[in-house]
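K.L.:
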Amino acid sequence: MASSAARDTSSARETIYQAISAIRLVDPHTHINPHTPASSTLADILGYHYYTELVHSAGMPRQEIEEPGIGPRELVRRMVHGLGNITNTANYHWLLQICREFFDFNDDAITPDNWESLYDAAEEKMNGAGWAQTVLDQSNVEAVFLTNDFDDELEGFDSSTYIPCLRTDDLVFHLAKPEVRGRLERCSGVPLDGTLGSLRAALEQRFEHFVSHGARACAISIPPTFQPTMVDDGAAQNALDHVLRHDTGSEDAQRDALSRRVFWTLAELCDQYGLPFDLMIGVNRGVYPSGVYQGQDLYDSRVSLIQYKELFNAFPKVKFPVSVLASVTNQELVSYSWIFPNVLTNGHWWYSNTPSFIHRDAAARLEAVPRNKQIAYYSDAYKLEFVLPKFDMYRRILSRVLADEFVGENGWSEEKAIQLGRQVLRGNVDEVFRSPL
Amino acid sequence: MASSAARDTSSARETIYQAISAIRLVDPHTHINPHTPASSTLADILGYHYYTELVHSAGMPRQEIEEPGIGPRELVRRMVHGLGNITNTANYHWLLQICREFFDFNDDAITPDNWESLYDAAEEKMNGAGWAQTVLDQSNVEAVFLTNDFDDELEGFDSSTYIPCLRTDDLVFHLAKPEVRGRLERCSGVPLDGTLGSLRAALEQRFEHFVSHGARACAISIPPTFQPTMVDDGAAQNALDHVLRHDTGSEDAQRDALSRRVFWTLAELCDQYGLPFDLMIGVNRGVYPSGVYQGQDLYDSRVSLIQYKELFNAFPKVKFPVSVLASVTNQELVSYSWIFPNVLTNGHWWYSNTPSFIHRDAAARLEAVPRNKQIAYYSDAYKLEFVLPKFDMYRRILSRVLADEFVGENGWSEEKAIQLGRQVLRGNVDEVFRSPL
Amino acid sequence: MASSAARDTSSARETIYQAISAIRLVDPHTHINPHTPASSTLADILGYHYYTELVHSAGMPRQEIEEPGIGPRELVRRMVHGLGNITNTANYHWLLQICREFFDFNDDAITPDNWESLYDAAEEKMNGAGWAQTVLDQSNVEAVFLTNDFDDELEGFDSSTYIPCLRTDDLVFHLAKPEVRGRLERCSGVPLDGTLGSLRAALEQRFEHFVSHGARACAISIPPTFQPTMVDDGAAQNALDHVLRHDTGSEDAQRDALSRRVFWTLAELCDQYGLPFDLMIGVNRGVYPSGVYQGQDLYDSRVSLIQYKELFNAFPKVKFPVSVLASVTNQELVSYSWIFPNVLTNGHWWYSNTPSFIHRDAAARLEAVPRNKQIAYYSDAYKLEFVLPKFDMYRRILSRVLADEFVGENGWSEEKAIQLGRQVLRGNVDEVFRSPL
Ligand SMILES: [Zn+2]
Ligand SMILES: [Zn+2]
Ligand SMILES: [Zn+2]
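Chains as they are written, first to last, in the numbering used here: chain A, 1 to 437; chain B, 1001 to 1437; chain C, 2001 to 2437.
#1: Find the residues of chain B that neighbour Y2336(C), judging by a C-beta separation of less than 9 Å, and give them in chain order.
#2: Alpha carbon to alpha carbon, what distance is there between S379(A) and T41(A)?
#3: Measuring only between beta-carbons, confirm whether N140(A) sits less than 7 Å from chain E.
#4: List the residues of chain B whose Cβ lies closer than 8 Å to the Cβ of Q2331(C), in chain order.
#5: With a cut-off of 8 Å on the beta carbons, I'd call V2303(C) and G2282(C) a contact; round off their distance for me.
#6: Under 7 Å, Cβ to Cβ, is there at least one residue of chain B near S57(A)?
#7: Could you tell me which chain A residues have their CB closer than 8 Å to the CB of E2053(C), listed as they occur along the chain?
#8: I'd like to confirm something about D2380(C): is its beta-carbon nearer than 6 Å to some heavy atom of ligand 3, or not?
#9: What did DSSP end up calling A2122(C) once you bin it into helix, strand or coil?
#10: Looking at chain A, is there any beta carbon in it that lies within less than 7 Å of the beta carbon of E1367(B)?
#11: What is the DSSP secondary structure of I2110(C), counted as helix, strand or coil?
#12: Whole-angstrom Cβ separation of F2157(C) and H2035(C), contact assumed at under 8 Å?
#13: Closer than 8 Å by C-beta to G2194(C): which residues in its own chain qualify, once you throw out the five before and the five after it? Chain order, please.
#14: Since H2093(C) meets chain A, which of its residues come closer than 7 Å, beta carbon to beta carbon?
#15: How far does the alpha helix (DSSP H) with R1200(B) in it reach, from first residue to last?
#16: Relative to chain A, which residues along the region 2187 to 2211 of chain C have a C-beta separation below 8 Å, given in chain order?
#17: How big is the Cα-Cα spacing for V1026(B) and R1434(B)?
#18: Considering only their Cβ atoms, is the gap separating L2083(C) from I2110(C) smaller than 7 Å?
#19: Counting only C-beta atoms, is P370(A) closer than 7 Å to chain C at any point?
#20: DSSP three-state call for M280(A): helix, strand or coil?
#21: Select from S1259(B), S1301(B), E1123(B) the residue whose C-alpha is nearest the C-alpha of H1174(B).
#22: I need the boundaries of the alpha helix (DSSP H) containing V2141(C), first residue and last residue.
#23: Measure the C-alpha to C-alpha separation of N2088(C) and L1311(B) and round it to an integer number of angstroms.
#24: Going along chain A in order, which residues have a C-beta closer than 7 Å to the C-beta of S1304(B)?
#25: Whose CA, out of S2212(C), V2324(C), E2124(C), lies closest to the CA of S2159(C)?
#26: Determine the contact status of V2322(C) and V2343(C), defining contact as a CB-CB distance below 7 Å.
#27: Can you tell me the Cβ-Cβ gap for N148(A) and L166(A), rounded? I've got them flagged as a contact below 8 Å.
#28: Tell me whether the region 1325 to 1341 of chain B and the region 348 to 356 of chain A touch, counting them as touching only if at least three CB pairs, one residue from each stretch, are closer than 8 Å.
#29: If you follow the beta strand (DSSP E) that N346(A) is part of, which residue opens it and which one closes it?
#30: Using a C-beta to C-beta distance shorter than 9 Å, which residues of chain A count as neighbours of E1405(B)?
#31: Which whole-angstrom value describes the C-beta separation of Q2374(C) and V2424(C), a residue pair presumed to lie in contact below a C-beta threshold of 8 Å?
#32: For G1421(B), count neighbouring Cβ atoms within 10 angstroms of its own Cβ and tell me buried if that reaches 16, exposed if not.
#33: Spatial neighbours of N346(A) within its chain, please: C-beta separation below 7 Å, excluding the five flanking residues on both sides.
#34: In chain order, what residues of the same chain lie with their CB nearer than 7 Å to the CB of L2054(C), ignoring the 5 residues before and after it?
#35: Is the number of C-beta pairs between the region 2388 to 2406 of chain C and the region 2092 to 2105 of chain C that are closer than 8 Å three or more?
#36: Please report the straight-line C-alpha distance between K2317(C) and H1056(B), rounded to a whole angstrom.
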């Protein structure tokens, strides 16, 4: 029998970490605004919902954080007074790393005593010429995917660095709102005349627009109760008629039928236009309506990918990179990706994007899902400065898993482990989200 | 890029462990009887349901364990014959540690050959003067919270060491039993005249009584199906009328409505009286009715904190320290505590109180929940001797997480890690459960 | 206070691993065909659904893998071209270990360049005299449990090496198919005359047949929605009447009632004949009907053992070794085995049979379930060659848990840890599945 003694893997871990840190990244999901991709002041950093919601949860009233009219410096001053309660969080570690990597910060914590000089140092850097490009270069990032509203013009930025992605939540879940239908009519130029045909034509026009402007993915976030299924023409027309008459006062069942019909149409269009359809499964919006901006959503972890059985079977040629909100769903994601050719694992999302959940979820994927079907990570960042610390958190964990489990337990060479890391971090992003043009 | 090599954290772990072991504890949830807080014989130790149920599960008939009339020595003799099957369990490790720390036991196991001298040694110690205080001192424990029936007189003990806590399961889930209503009338002095007003008055009298006697928390354990919501006066009066007519023969829906109304009233009274409301979520009672005493309860892990959405929103000023029975619910607990200011993480309860579940659950909390919102641990002990081994199990795991993840991965100093440990182990207990008077 | 420094456990791990690798195994669940227990060519290895489904999921069309008429060499050639995408998987590691242990393979990977010599080397070994016995001996395996259809004659093999097990999925879930009822009539010799009595007589005859031929267990795999409950004679006769009239066109509720009645009858017969009833809980069949053979099943992880409450209470003398498909159910399994004397933990099944899930699930069991109630592992193998690498994967993880948690954290001696390993790996298999004769 072979030996089973655990090797000391700290050296392997360091070697792997250095190697995968040298990989130039394409970040396959962010909320970056390509017109203002980087921060202008530290308030853009500390105003990120991860900080406002945590500081609020730790005791600061929402009114203090969101008081109308306060300037960026005052917001940062207030937020800094709440940071002491969240120094243990992964999110705070991102903040410290941003300050250290980009703003020459060397202290151990951001405090009422040192924040102002940090604020000034950051502002000076941010106001320098080409700050966004500086951040991209220092972060070793080649390109980031965007999250574009369906009526985004997609003009005025370089789509090889800022890659469009068609976000479809509004279309699927909010078509009962007259303003959403109005936006769709205006941007598509297709009058919605009450027929399913006009609705589909408008959606198709959007795919044309997005693909021709460099889009490489369609995406949606989905509540845990949603079950995508085909809705036949009769039922769909009924639902559409009803919703057009009642708008947001529609019956739940009718609105849900229309949601499922639109969703299905989007999947058909992904098929037709060669776009992957990113599914981000599991969020309940507005669970805590008194929370800070973007800090109101939570979830019911009782969701199953079995709800997507019909979808995955119906669209074998559409790639579905799937993100799950709760770690408990990760094993299903691993198993469905193991069986369905068109299901892929995609990143570590939101409430599962902290080290211990990433560690267990990534380990389970790396040992069971075909290596060409794993999108390791995306930052979900709103500002470019966050790409570095988030990816670095992931890289540290990936190095740990590769060193401990693949080099240590499986006897792999470091080079083999690095190749696996490279494939999931970058190679698969290029392959899965290649341009459909 | 910084180094990612894992540091050898065994020295940090030892340092942290020693430091947090020196913290004088307040145990925020036990079932200690303040009139007989410590054990009288080893039968009080081995009669704990963790041992009787495990030994029964491993093969010993319930009748052998619960035969009426057997004395404490005979019970211990019988139990010892079953211990060989459970030497692997965490619960057995608590037992060994109790015997070593308190009874000068030095053997590797408790066996049919050595139990009797252990029994005698323990009995001699327990019969010594001030045994309870000796245990408290040797365990470095300043105070323990109790679990008091709503009609407890709360007299005859020192409430600075034995802190009252109003347990409300009977009120919420068993008001259909005439004897429960009778107890409530007698202890409150409020005649229940069939009106909601009299019911509320009786409950309020109990809060007066408990708070004036030093209570610092209200608590309840809840089945996985329960969903607390407001029941309006009309529906509540209907439910009360029905339950008063039919007692335990009431319809489920009516009894459930009354449960939800009483629960809501308790939350209002917690608000009014400034008491935290400990929620212990997820237990199904009596799943194995042929099991030994207190060894009959299990659970359905398919529960979600989304069921508490309305409650958490309705009572922003009430602190809800939440315990979850199954580890799968821990991520929701982390996320809800991350978002809701009034939701806190509380201990590692029952079936999740074994090392591997504690390890993963504690790690997830420490990296994501504001540090001032985590109640690290409580013993749930019935006798004082159990506080030490249970807290010590937790301290070892906490040291491991702090050393590995905070010192090792995050680069924290040992001192910073110890401060975090101190805050979750003791500081937050003082803050969250401070006297409302 | 005792020290909490983590010991270096690599030496303990190696010692434990060597010791438990020397244990002669009885594999308590396989799908081995006792008439052709070992492989004839490498196609029997690479044709295992774990490889065909993964290679298919990674991109190879099903038609290429399952083209009618292709020979074993051609199948292997094709499969090898897909292996590059699954080199990271645990299943691929099994494959490499098989080739190294049995076929003198020394390369790092199976590639288009080296597969043919491997194929030839394997074929030569497999065609040698007594290959099956060679594999058993080299794998240190004394016996394997089979999975026999209810109408298996159980003749022509040595039932001390190949131990029969009555698989009952067809009886419980497919009795609506006339061919299943026909098979039951023919093999039992009992005409199914439409009465419950004749159905029970036929089932009882099967128990007679199996037990007299050396069977030591009854087994079934169960979808997540199934809830076994007693169906009284009236309802059961109604269901049987309906199903006999409508066959597979029966109403779901009637078919389900019949399923529950047959299941209950099997439990009664397990009681009567002294057979353990292996429950493998949680699989949804045919979720991906376009998948390769045996690569179509997935699951909904939202299942609870509370569904088995009535069963576990009704049959206290029947041992239920329980396997769960999803790791999230493992904690319930641990808790139910901790409380119910007749519930045992059994192996690491299918999608939970990869290292990270085994590690966490095994650790949770070892620390909480009585040691005499844990069946550590089974291979689920279709060919004997797979017993070795699967058990070896498990042994490595078991050594890791025993060394890290029991020797390292609990201070156990290596010898004590080895004894625990021996009990769960072999001792309990002998005890739980002892011959009922
Ligand atoms: Zn996003
Ligand atoms: Zn308790
Ligand atoms: Zn099987």
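Heads up, the beta-carbon is just placed ideally off N, CA and C, and yes, glycines get one too.
P.N.:
Taking the coordinates as given:
#1: V1287, Y1288, L1298
#2: 20 Å
#3: In the displayed structure, chain E is absent; the protein chains listed are A, B and C.
#4: S1301, A1326, S1327, V1328, Y1351, S1352, F1357
#5: 5 Å
#6: yes
#7: W338, I339
#8: yes
#9: helix
#10: yes
#11: coil
#12: 6 Å
#13: L2240, D2241, L2244
#14: N410
#15: 1196 to 1212
#16: none
#17: 12 Å
#18: yes
#19: yes
#20: strand
#21: S1259(B)
#22: Here V2141(C) belongs to no alpha helix (DSSP H); instead the beta strand (DSSP E) covers 2141 to 2145.
#23: 46 Å
#24: D300, S301, R302
#25: S2212(C)
#26: yes
#27: 6 Å
#28: yes
#29: 343 to 346
#30: P355, S356
#31: 5 Å
#32: buried
#33: D278, P321, V322, S323, I375
#34: I2086, T2089, N2091
#35: yes
#36: 13 Å
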